[in-house]
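One structure below.
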Amino acid sequence: DAGVTQSPTHLIKTRGQQVTLRCSPKSGHDTVSWYQQALGQGPQFIFQYYEEEERQRGNFPDRFSGHQFPNYSSELNVNALLLGDSALYLCASSSDTEAFFGQGTRLTVV
Amino acid sequence: QQQVKQSPQSLIVQKGGIPIINCAYENTAFDYFPWYQQFPGKGPALLIAIRPDVSEKKEGRFTISFNKSAKQFSLHIMDSQPGDSATYFCAALYSGGGADGLTFGKGTHLIIQP
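Those protein sequences? They're chains A and B, same order as listed.
For the first sequence, position 68 (counting from the first letter as 1) is numbered 68 according to the numbering used here, and the numbering increases by one without interruption.
For the second sequence, position 95 (counting from the first letter as 1) is numbered 95 according to the numbering used here, and the numbering increases by one without interruption.
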């Protein structure tokens with residue numbers, strides 16, 4: 001079992017650009033959630049996808065959007081990048097309450 | 001508004017000691033309380049979790065104590081080892097949906113000295 005896999009592991013973007021991050025959930029999991037973790041902070045919930053639809057959303061602007069595919073994999077898109085978007089972006093998959101995280105994508109906006 | 005408050009922010013314990021990390025929550029709708037361990041450059045790894053219908057849960061060297069009336073829960077690590085040095089996060093969830101996913105504390109940076 002490969003667990004939750006995320007790509008890429010690191011990414012550098014310029015302010016104003018757009019970025020797409022990818023996540024493959026753990027085998028058997030149908031729900032994918034995305035979190036943003038700033039340096040020295042706990043993860044903050046962005047949104048959750050189930051059955052290819054956004055089911056829950058945290059307090060993040062519309063610049064943050066996502067998608068879930070029929071095979072349960074997911075993408076996180078961030079438009080008009082700001083310096084403050086620099087963070088570790090984590091994907092978590094679950095089939096019930098237990099959530100398992102990937103290793104994250106470190107996004108640096110310059 | 002921080003819904004889950006975690007303390008201490010950092011903790012140093014000698015090998016074999018029992019570090020204790022505490023969390024308090026505000027939302028009484030929360031009904032699932034996991035603890036995660038995170039090493040630098042890695043994603044959080046689920047350690048142990050508890051629901052409010054029990055007061056204590058043990059898995060290996062990790063124990064959660066839960067006090068529903070006080071809205072507090074804590075993690076104890078028995079016979080701590082240098083390999084336990086990491087950042088620990090408590091979290092809370094309303095499993096019925098409609099809430100904002102897992103709500104995390106700010107983390108505790110734990111160092112176990114040899």
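Note that beta-carbon positions come from the ideal geometry of N, C-alpha and C, so glycine has one too.
Unbroken beta strand (DSSP E) run spanning residue i, endpoints
i, result
"Leu188 (chain A)", "Any property of residue 188 (chain A) remains undetermined from this structure, which presents chain A solely from 1 to 110."
"Pro69 (chain A)", "The residue you asked about is not Pro; residue 69 (chain A) is Phe in the sequence shown. Here Phe69 (chain A) belongs to no beta strand (DSSP E), and DSSP marks it neither H nor E."
"His29 (chain A)", "Per DSSP, His29 (chain A) belongs to no beta strand (DSSP E) and is neither H nor E."
"Ser13 (chain A)", "At residue 13 (chain A) the sequence reads Lys, which differs from the Ser that was named. First-last of the beta strand (DSSP E) with Lys13 (chain A): His10 to Lys13."
As assigned by DSSP and simplified to three states, the class of residue i
i, result
"Leu83 (chain A)", "helix"
"Gly83 (chain B)", "helix"
"His109 (chain B)", "strand"
"Arg57 (chain A)", "strand"
"Gln18 (chain A)", "coil"
"Gln37 (chain B)", "strand"
"Phe59 (chain B)", "In the sequence on display, residue 59 (chain B) carries Glu and not Phe. Three-state result, Glu59 (chain B): strand."
"Asn27 (chain B)", "coil"
"Thr97 (chain A)", "coil"
is_contact[residue i, chain A] using C-beta, thresh 8 Å
i, result
"Phe39 (chain B)", "no"
"Pro44 (chain B)", "yes"
"Gly101 (chain B)", "yes"
Rounded separation between residue i and residue j - CA only
i, j, result
"Thr31 (chain A)", "Thr20 (chain A)", "19 Å"
"Glu54 (chain A)", "Lys15 (chain B)", "45 Å"
"Val4 (chain A)", "Gly42 (chain A)", "19 Å"
"Leu11 (chain A)", "Trp34 (chain A)", "17 Å"
"Ser95 (chain B)", "Gly43 (chain B)", "22 Å"
"Thr108 (chain B)", "Ile21 (chain B)", "7 Å"
8 Å Cβ cutoff, residue i in contact with chain B
i, result
"Thr5 (chain A)", "no"
Task: Cβ-based contacts, 8 Å cut-off: residues of the stretch 14-34 of chain B near chain A - done: Tyr32 and Pro34
- [ ] Below 7 Å between beta carbons is the criterion; list the residues of the stretch 19-46 of chain A that meet it against any residue of chain B, in chain order.
- [x] Ser33, Gln41, Gly42, Pro43 and Phe45
Task: chain B contacts made by the stretch 86-98 of chain A, where a contact means CB separation under 7 Å - done: Leu90, Thr97 and Glu98
Open item on the list: Can you pull out the residues from the stretch 61-94 of chain B whose beta carbon lies closer than 7 Å to at least one beta carbon of chain A?
Closed with: Phe89 and Leu93
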